[in-house]
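Per the numbering used here, the sequence shown starts with residue 515, numbered consecutively. Here a beta-carbon is modelled for each residue, glycine too, at the ideal position from N, C-alpha and C.
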Amino acid sequence: MTTVRDATFELFRRHGMTTMFGNPGSTELPMLAEFPSDFRYVLGLQEAVVVGMADGFAQASGSVTHVNLHTAPGVGNAMGALFNAQANHSPLLVTAGQQVRAQITMQANLTNRDATRVVHPYVKWAFEPPRAADVPAAIAQGIHRASLPPKGPAFVSIPMDDWTEEIADADVKWVTTRSVTGRAGADPEVIADLARRLESARKPVMVAGPDVDASGAWDLAIALAEKQRLGVWAPPATGGGRLGFPERHPNFMGTLPPGIGAIASTVEGADLVLVIGSSVFAYYPYIPGPPLPEGCELVAITSDPDEAARAPMGDAIVADVKVTLAALLAEVGESDREAPAGVGEAPPAEDSDPLGAGTVHATLNEVLPDDGIVVLESPTSTMALRNRLRISKPGSYYFCAGGGLGYGLSAGIGVQLAQPDRPVVCVLGEGSVQYAVSGFWTAVAYQVPITFLILRNNEYGILKWFAEFEQVSGAPGLDLPALETAEIARGYGVDVRRVRARDELREALTAAIASSGPSLVEVDVAPGMSLF
Ligand SMILES: Cc1ncc(C[n+]2csc(CCOP(=O)(O)OP(=O)(O)O)c2C)c(N)n1
C-alpha cells in the first residue's frame, strides 16, 4: 500500500515535473506535507503570477508544468492567466485544493462549489475525481491531456482529505508508468498534394508562427524557405507568442500587420500563402477588407483542430508541425524562383531626450548576448523591439498570444527558471508591471538572475493610440502619473537603476545582464507608438 500523495509525487517524478508553482492555502497543505527534497516549490504571491510563471516555464522547458492553486478564490484570481496560457498553447497541469469530501455537500467554507465548471472555457479538461483512489489517475490524465496537441491547461480539483488515503500499489503502477505521445503527421497524399501546389505556385510565401518554435521545427522551416525560395512573414505580433523564423535571415520579409485588409495588401502579388504553426490570424483591431489578394490561396499547417476549423479562409492540415514540415521538405524539389527581397535594415537609432523606445531597443540589441532571451510586454514598443532586435535563434522570444497583461513579468521569471544558463531580459511597460508586480518578490526570493527593462512613458500609451484609431475622445484613465515602478521593485528587494540617457542605459543594462540576481533598469521614454 502507498498513499495517494506518495503515488502522485511518484507520477510527477516520472514525468520530470519536479518544479511546482503555487500559492498555498489550508486546502492545499495536505498535498504539500513532507514535501520531497527532490522537488522545488516556487511560491508566487498572487495566483495570476503563479500561472504566468508556470506558463513561461512550461513553454521554455517544453514540458508539462504543475501549478497548484487555492480552491475557488485562487482559481478565480488565476482566470486571466489561464486565458493567456490557453492562447499560448502552454501545457499546464492546474490542480486546486477542495474542501474535505464530508463537507462539500453542505458547502462548508472554501468549498469550490462548481469546481469543474468555473475554469471553462480556458482549460481543455476539468475534473474532480469521484474517489480518493482515483486522484493519481485523474492527475495522470490531466498531464496527458495538457501535453497532447493542442497543448494547453488541464484542471483537476482534489478534496484535501484525499492525500492521506491509502491506495494499493497495483492500482497506481499502470497509472504512473504509462506514456502518451501525440505527434501525428499528415496523410502522405495530402503532403504530396501540398508539395505540388507549392512547386507550381508562381510566388508562394510562408508565414511561420509560434508552433514552429514550440515543436522544434526551426531548422526545417529555414530549409523549406531556402529550398522553395519563399519569402517568410511572421504572423501579426498580436498572436505571435513565439518566433517561427530567424528575423535576420535574407528570406525574412517582416511581421504581418494585424488587420484583415492590411494582411491582404501586404502579401499582394503572392498566389499561395503557406501558414505554418500559427492561427489564421490573430486579427485586431478590425480593419475590414478582403482576407487575401485576388487569386491568392492559403494553406495552413497546424496541430490545433480549433485553429484549423475557425480560420476564415484557406485550407488547413491538422498535423504536427515538425513531422509535417519534414515530410514536405522531403517531397518538394529545389525551386529556381527569384530570391525574395527581404525586409532590409531598420533606420539608424536617434538620440533624444527622453529617448524613443526604438533607441532603447537598439541599445538593448547592442548589449544582449547571443544566447539572450526576450520576454516582451511593452505594448507601444512591440514592433520597435522586433525591428531593432530581429531575433534569430529558437526559444529566444516569448510574448503573450492572449493579450492579458501580467503575463510578461511572471512568464519572464518562469522562462529564466527553465533556462538558467541563458540571460533573460523581460521588457515591460510600467503599466504592464502592475498586473504582476508581486512577481518581483519571487524573483528576489529565488535569486532568479532576470533583467527587467521598464519603459516608462507615464501613460497607458497603446490605449491612447487605440482611442485615436477608434475615434474616441475624452476617455478617462489613460495616464499613469507618479508611478514609481523602480521604487516599488526596490521595496521587493530588486537591484534597480533609473536611467535617461543612452550611455547610462547601455551601462545599466550591461551590469544588470551580468548580475547573478534580479535587476531592473527603468528608462524614461517618449510617449506614443514606436514602430522602429
Ligand atoms: C488584464 C488586462 N487588463 C487591461 C488590458 C488593456 N490594456 C492593454 S495595453 C494597456 C496599457 C499598457 O500600458 P504600459 O504597459 O505602460 O505600456 P504602453 O501602452 O504605455 O506602451 C492596457 C491597460 C489588458 N490588455 N489586459
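Answer yes or no: the CB of residue i versus the heavy atoms of ligand 1, is any distance below 6 Å?
i	result
residue 974	yes
residue 570	no
residue 596	no
residue 999	no
residue 990	no
residue 944	yes
residue 893	yes
residue 919	yes
residue 971	yes
Would you kindly report the start and end of the unbroken alpha helix (DSSP H) that includes residue i?
i	result
residue 901	896-903
residue 524	518-528
residue 702	702-714
residue 656	649-661
residue 597	585-601
residue 921	921-932
residue 852	First-last for residue 852: undefined, no H or E at that position.
residue 811	Per DSSP, residue 811 belongs to no alpha helix (DSSP H); it is in the beta strand (DSSP E), 811-816.
residue 1101	Any question about residue 1101 goes unanswered here, given that the chain covers just 515 to 1046.
residue 545	543-546
Would residue i count as contacting chain B if we go by Cβ distances under 7 Å?
i	result
residue 845	This model lacks chain B altogether; it includes just one protein chain.
Sort the options by Cα distance to residue i and report the nearest one.
i	options	result
residue 550	536, 523, 568, 1009	523
residue 610	600, 656, 989	656
residue 578	961, 548, 628, 526	526
residue 772	802, 756, 560	802
residue 880	891, 934, 863	863
residue 536	553, 554, 564, 516	564
residue 661	645, 600, 707, 704	600
residue 992	667, 576, 972, 1018	972
What are the boundary residues of the beta strand (DSSP E) that residue i is part of?
i	result
residue 1012	1009-1013
residue 611	606-612
residue 673	668-673
residue 718	718-722
residue 554	554-557
residue 872	Careful: residue 872 lies outside any beta strand (DSSP E), inside the alpha helix (DSSP H) at 871-881.
residue 767	766-769
residue 943	938-943
residue 829	829-832
residue 891	887-891
residue 913	911-913
residue 463	Since the first and last residues shown for the chain are 515 and 1046, residue 463 lies out of range.
With a CB to CB cut of under 8 Å and the five nearest residues on each side skipped, what residues in its chain are close to residue i?
i	result
residue 614	622, 673, 674, 675
residue 754	723, 724, 748, 769, 792, 796, 913, 915
residue 712	718, 742, 786, 788, 842, 846
residue 782	807
residue 979	894, 1042, 1043
residue 1025	1011, 1033
Got a sec? Which residues, its chain only, sit under 6 Å from residue i by beta carbon, not counting five neighbours each side?
i	result
residue 1038	868, 970, 1014
Identify, in the order they occur along the chain, each residue of the same chain with its Cβ nearer than 7 Å to the Cβ of residue i, setting aside the five sequence neighbours on each side.
i	result
residue 727	756, 757, 758, 908, 909
residue 872	863, 898, 902, 1044, 1046
residue 895	871, 875, 969, 1044
Look up residue i in the DSSP assignment and give the residues it is bridged to.
i	result
residue 725	None, per the DSSP bridge assignment.
residue 744	BP columns for residue 744 are empty, so no partner.
residue 1033	965, 1009
residue 681	516
residue 534	555, 580
residue 636	DSSP lists no partner for residue 636.
residue 498	Here the chain covers residues 515 to 1046 and nothing more, so residue 498 does not appear.
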